[in-house]
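Peer 1: So the sequence shown is numbered by our numbering: it starts at 698 and just counts up by one. Below: one structure in structure tokens.
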Amino acid sequence: MKTIICYSPSEKEIKDAAEIIRSGGLVAFPTETVYGLGASALSEDAAHKIYKAKGRPSDNPLIIHLAYPEDAERYAEVSPAYRMLSRFMPGPLTVILPKKEIIPDCVTGGLSTVAVRVPSHPVAHALIKAADLPIAAPSANRSGKPSCTTVEHVIHDMSGRIDMILNGGESDFGLESTIVLPYGDKSVKVLRPGGVTVEMLEKAGFEVTLDKAVSEKLADGEVPLAPGMKYRHYAPEATVVLLDGSPEAVRDYMLEHKEMDNIAFIVYDGEEELLGEALSVTIGQRDNSEEYAHKLFSVLRELDEKEGIDTILAPLPAKDHIGLALCNRLMKAAGYTVLSV
Ligand code: TXA
Ligand code: MG
């Protein structure tokens, strides 16, 4: 299949992309979190095409993307808690709601609930509006790879497998949306942390709990509330080891290992010079977890492209604000290997 790539999508190209979606095709598009691989959420055939293009197990449900928070009423049972959560929309938040019949079972992996999100990226918004349909979209990576945060990542993973790719620059957040399950009037369980943080939810008056899968490796056979959280996502080919300790201890540990063969280092700005000839990639300023999050998937992909790297050492950031989501993705990439230094 020839994939059309629009580097600077015009209104006409967005209309064409919407037409592809309306007729059952696949279009990758930018969002503020990561790139999505979109298809009509009202078509079983289109959902099957998504699973095939990604090489993804079809028991892993898809998020439906809407132009406006109030559109959710057409596809799901909306509660007062949802209305309260919609203050974070458009933005990096996905809400799990009981689904209405119009959404086919294969979109939700057979679940009786549906995940709803209203992205803020202008290209995503324009595409959903023009398609005049809910757009089902997982992250646009091949299954098992880090999510795509640039159009180059999408071209690498999806060229020849889908109809069209829309560019929208680098993703702002760089990590996937926060997924919450609302219950009662003012309670939410966070199934996947992201750009709408626990602190933001609490400040808005919610009582917040974290699903176990957010911070712990589940035992074999244990099923997380967000089925996708069970997969060994975001894992590069090399073994990632996270270093937990004071800035000095982490730096010293890295320095002690800089002569090791086949090793690479993820470091804060300014630290690459200390490591001399060793392969190091910078992740932004220390204590700027937004920047670390923004760059993480790009850096993991970059290191994956290098020949002969079998170990990656990376600092573990603080677990507050966006740091909770960042630690969650790092822990998954590292298969939960943390070294206290
Ligand atoms: O930021 C994002 O959310 C991106 C962009 C493209 O919107 N999308 C994304 O989709 O990350 P995906 O498919 O890679 O991850 C969706 C996650 C999976 O872990 C899936 O199991 C969970 O959402 N999920 C979807 N529907 C669900 C449901 N009804 N109940 C619980 N979890 C659900
Ligand atoms: Mg994904």
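Each residue gets a CB set at the ideal place from its N, CA and C atoms; glycine is no exception.
In the DSSP assignment, what residue or residues form a beta bridge with SER836?
Peer 2: Beta-bridge pairing links SER836 to GLY733.
Peer 1: So, helix, strand or coil for TYR880, using DSSP?
Peer 2: Reduced to three states, the DSSP call for TYR880 is strand.
Peer 1: Roughly how many whole angstroms lie between the Cα atoms of ALA725 and CYS703?
Peer 2: Answer to the nearest angstrom: the Cα atoms are 10 Å apart.
Peer 1: Buried or exposed for ILE793, please, with buried defined as at least 16 other CB atoms from any protein chain shown within 10 angstroms of its CB.
Peer 2: By the 10 Å Cβ count, ILE793 comes out buried.
Peer 1: Under 8 Å by Cβ, that's how I've got ALA1103 and GLY871 pegged, so tell me the actual separation to the nearest angstrom.
Peer 2: One cannot answer for residue 1103 here, as it falls past the ends of the chain, which runs 698 to 1038.
Peer 1: Under three-state DSSP, which class holds ASP941?
Peer 2: It is a strand residue.
Peer 1: Could you tell me which whole beta strand (DSSP E) segments of length 3 or greater appear in the stretch 842-929?
Peer 2: As far as the stretch 842-929 is concerned, its whole beta strand (DSSP E) runs of at least 3 residues are 861-863, 875-880, 884-889 and 904-907.
Peer 1: I need the DSSP call for ARG948, collapsed to helix, strand or coil.
Peer 2: Helix at ARG948.
Peer 1: Using 9 Å as the threshold, is the C-beta distance between ALA714 and LEU824 below it?
Peer 2: The answer is yes: Cβ separation under 9 Å.
Peer 1: Spatial neighbours of LYS897 within its chain, please: C-beta separation below 8 Å, excluding the five flanking residues on both sides.
Peer 2: The amino acid occupying residue 897 in the given sequence is Met; Lys does not appear at that position. These residues qualify, in order along the chain: PHE785.
Peer 1: In this structure, how does DSSP classify PRO795 when only helix, strand and coil are distinguished?
Peer 2: Three-state result, PRO795: strand.
Peer 1: With distances taken between CB atoms, is the gap from VAL831 to ARG771 smaller than 9 Å?
Peer 2: According to the sequence shown, residue 831 is Pro rather than Val. In this structure, ARG771 lies closer than 9 Å to PRO831 by Cβ.
Peer 1: Any chance you could list the alpha helix (DSSP H) runs of at least 4 consecutive residues sitting entirely within the stretch 807-831, in chain order?
Peer 2: Runs found: 819-828.
Peer 1: Leaving out five residues before and five after ASP1042 in sequence, what residues of the same chain have Cβ atoms less than 6 Å from its Cβ?
Peer 2: There is no way to answer for residue 1042, as the model of the chain reaches only from 698 to 1038.
Peer 1: Does the Cβ-Cβ distance between VAL811 and LYS797 come in under 9 Å?
Peer 2: Yes, Cβ-Cβ distance for VAL811 and LYS797 is below 9 Å.
Peer 1: Taking three-plus beta-carbon pairs below 8 Å as touching, is the stretch 834-845 in contact with the stretch 986-1002?
Peer 2: Touching, per the Cβ criterion.
Peer 1: For LYS886, I'd like the list of residues in its chain whose CB is within less than 6 Å of its CB, leaving aside the five on either flank, ordered along the chain.
Peer 2: Excluding residues within five positions, the ones whose Cβ falls inside 6 Å are LEU878, THR906 and ASP908.
Peer 1: Can you give me the Cβ contacts of LEU1039 inside the same chain, cut-off strictly under 7 Å, excluding the 5 residues immediately before and after it?
Peer 2: Past the edges of the chain, shown from 698 to 1038, lies residue 1039, and the structure says nothing about it.
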